[in-house]
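K.L.:
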Amino acid sequence: MADIYTNTPNNQKKFEEFWDEPQPLEPPLSCDQMVRRILKELDTFNPDDTFSLVLVKEMLMECLRGC
């Protein structure tokens, strides 16, 4: 990936593709959408997976940052 930062004859096509094409951006989620996503993740949680309070805290902090 580092070769995209230098425009040389060997990588000119890759360089131009990366820098000339706008990268698609996801629109930011609203707080309501984030809460719905978190609730869905909690509802579909597999009991066999490791689940922690830290994960819940991170999801809620992400939601608050989006508000």
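Here numbering that gives the first Met the number 0 is used: the first residue of the sequence shown is 0, the next is one more, and so on.
Backbone N, C-alpha and C fix where the C-beta goes; we use that ideal spot for every residue, glycine too.
Per DSSP, what kind of secondary structure is Leu54 in: helix, strand or coil?
P.N.:
By 1-based counting over the sequence shown, the position of residue 54 is 55. Residue state, collapsed to three classes: helix.
K.L.:
Could you tell me whether the region 57 to 64 touches the region 29 to 38, where touching means 3 or more Cβ pairs closer than 8 Å?
P.N.:
With a cut-off of 8 Å, the region 29 to 38 and the region 57 to 64 count as touching, because enough Cβ pairs lie within range.
K.L.:
How would you write the range of the alpha helix (DSSP H) that Leu41 sits in, first residue to last?
P.N.:
For the purposes of this step, residue 41 is taken as the residue at position 42 of the sequence shown. Looking at the DSSP string, the run of the alpha helix (DSSP H) that includes Leu41 is 30 to 42.
K.L.:
Would Asn6 and Phe14 qualify as a contact pair, given that the criterion is a beta-carbon distance under 8 Å?
P.N.:
Translated into positions along the sequence shown, residue 6 becomes position 7. Translated into positions along the sequence shown, residue 14 becomes position 15. Cβ atoms of Asn6 and Phe14: closer than 8 Å.
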